[in-house]
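*Asks:* When you read off a place in the sequence shown, starting at 1, and then add 664, the result is the number in this note's numbering.
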Amino acid sequence: MKRIHRQTLSPAIVNGSMLLYILWLLLPAVQAAGHAVTGVLAVGLFAVGVVLDGETLPKKWFDFLPRVLLAAALPLVLFLWLSRGGGNLPAYLAQQGMFWFPLLWFAYARGRGDRRLYRWVLPLFVLAIAVTTLTTIGWLTQGMLRGDKVYAYARSLGSGEAGRQDYLRELMLRNIGGYDFVYASVLLLPMVFYAAYVLRGWKRLGAILLYAAQLCMIVLSQYTYAILFAAAITAVELLALLLRAIFRKLTPGRAMLWTLPFFAALWLLRVPLITWAGNIAVGLGFENASYSLSQLLVMLNGGAVDAGSRLELYQDAVRGFAASPLLGALAGGAKALGMHSDLLDMLSALGLLGTAAFAGAAWIIGRGAETGLTRSPAIAHILLQRVFFAACLVLGTVFYSRELPLVLCISAAFTLPSTAKNAPNRSL
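#1: Which residues in the same chain as L914 place their Cβ atom closer than 7 Å to its Cβ, once the five residues preceding and following it in sequence are excluded?
#2: Ignoring anything shorter than 3 residues, give me the beta strand (DSSP E) runs that lie fully in the stretch 921-964, in order along the chain.
#3: From which residue to which residue does the alpha helix (DSSP H) around V856 run?
#4: My assumption, with CB atoms under 8 Å, is that E1034 sits in contact with A848. Please give the rounded CB distance.
#5: Taking 8 Å as the threshold, find out whether the stretch 735-743 comes into contact with the stretch 1023-1039 through three or more Cβ pairs.
#6: Report the residue ranges of all alpha helix (DSSP H) runs contained in full by the stretch 714-797; include only those spanning at least 4 residues, in chain order.
#7: Give every residue of the same chain whose Cβ lies closer than 8 Å to the Cβ of L990, excluding the five residues on either side of it in the sequence, and list them in chain order.
#8: Anyone know if the C-beta pair for P692 and R828 falls short of 9 Å?
#9: From Y831, M836, L879, pick the residue whose C-alpha is nearest to that of L851; which is it?
#10: V678 to T720, Cα distance in whole Å?
#11: Could you tell me if V935 is buried or exposed, where buried requires 16 or more neighbouring beta carbons within 10 angstroms of its beta carbon?
#12: Tell me the rounded alpha-carbon separation between L1037 and M855.
#13: Output the boundary residues of the alpha helix (DSSP H) element that contains P1041.
#14: Could you check whether T888 and A986 sit closer than 9 Å to each other, using their CB atoms as the reference points?
#15: Please classify Y875: does DSSP put it in a helix, a strand, or coil?
#16: Tell me which residues share the same chain as C1073 and place their Cβ nearer than 8 Å to its Cβ, disregarding the 5 neighbours each side in the sequence.
#17: A981 to S1012, Cα distance in whole Å?
#18: Leaving out five residues on either side along the sequence, give the residues of the same chain with a beta carbon under 7 Å from the beta carbon of G996.
#19: In the DSSP assignment, find the alpha helix (DSSP H) that holds G1015 and state where it starts and stops.
#20: Hey, how far is the Cα of Q695 from the Cα of M836?
#21: Cβ of I1028 within 8 Å of any heavy atom in the ligand MN?
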């Protein structure tokens, strides 16, 4: 009787932990009202569910506990060697516990193979994404119609300036998505495009409308790299779709590869294209995007970017890596960190060997979660997603963005082939 009780209670608690996490993370208003304690509670519920399953800790502890220990150790590496966390170790450890949680959760769920763990996860995820996308568009549009600069709400939420907590909380209570949500939406675009391709009827229409809404929100957010990434993803997907319509024997992956000559041609036209994009940004009143594009244009023309510009700060980390490629600052000497690129800072601080060890530890945490993924019909779209995730690692600070691992994990989990062992209830 006790075993039956555990078999019923444990899956419900583990499932509830992810549902709570999705609601809290993807609805900024819920996050602002529930505070970080709600996210911590979601992780705690997961731990309770693992204890109650009666199998993982007694029989599989040698597989599960190293994952937990690594999820606790990697934040220390980021805090000590990459100076992440702003000097507040307890707060950073709490934030990072929630960052690694999706990877650990989906690896556990995949290994356990119980469909009940995935119940309502995908529908709630899509609903939360849609709601926050629409509310963000609404508020950004409202700000633009007022004729002042308040429409840059999304960029305000990505600011780390001190003394603005009350203002940022007010924006979150309006359910406006910030930096993390915008870039997570960028990474979700290939999967929404895939859904629009394979679904039928009203579901296809819903996927198309969601894609259009995400593009609108990304443009209004004024995050320059997000806009460029979204444009590139959309171009790849549409060109690949066109090629498949013309050459019906082309697979999605090969069709995407055949888009490369097009982008090579665009690279030759990079200066006039960026100039054109900058003029559009000026016309729309997007001052932040206009400035970033102007700096990018200066760099491409061989000029010197403004002091303190993100493009200049990248060079600091590159110089640190060049000074000691294998071990970075581990070999001694001062760390050269730009603080605007996780990958470049990691290479500068840890070198190639340390960065490879960090990546290996991250792989161990999520090992097994993507079993059978290469057989997924969505594999080309997932690989496109991962390419732009790598770009985010190079050009941004993704380890603060808890939405990114959640998007990556859900994209993989719900596009597994239905014949794969331990697959969720259904794929997209």
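All C-beta atoms, glycine included, are put in the ideal place defined by N, C-alpha and C.
*Replies:* If we stick to the structure as given:
#1: L907, R908
#2: none
#3: 843-862
#4: That pair is no contact at about 19 Å.
#5: yes
#6: 720-745, 753-776
#7: G1015, L1016, L1017
#8: No, these two residues do not count as a Cβ contact at 9 Å.
#9: L879
#10: Going by the C-alpha atoms only, they are around 13 Å apart.
#11: exposed
#12: One C-alpha to the other measures close to 14 Å.
#13: Run containing P1041: none; DSSP gives neither H nor E here.
#14: No, Cβ-Cβ distance for A986 and T888 is not below 9 Å.
#15: Three-state result, Y875: helix.
#16: Excluding sequence neighbours, C1073 sits near P766, L767, W769, F770, G1030, A1033.
#17: 6 Å
#18: none
#19: 1006-1029
#20: 8 Å
#21: Annotation note on the ligand MN: not contained in the displayed structure, which lists no ligands.
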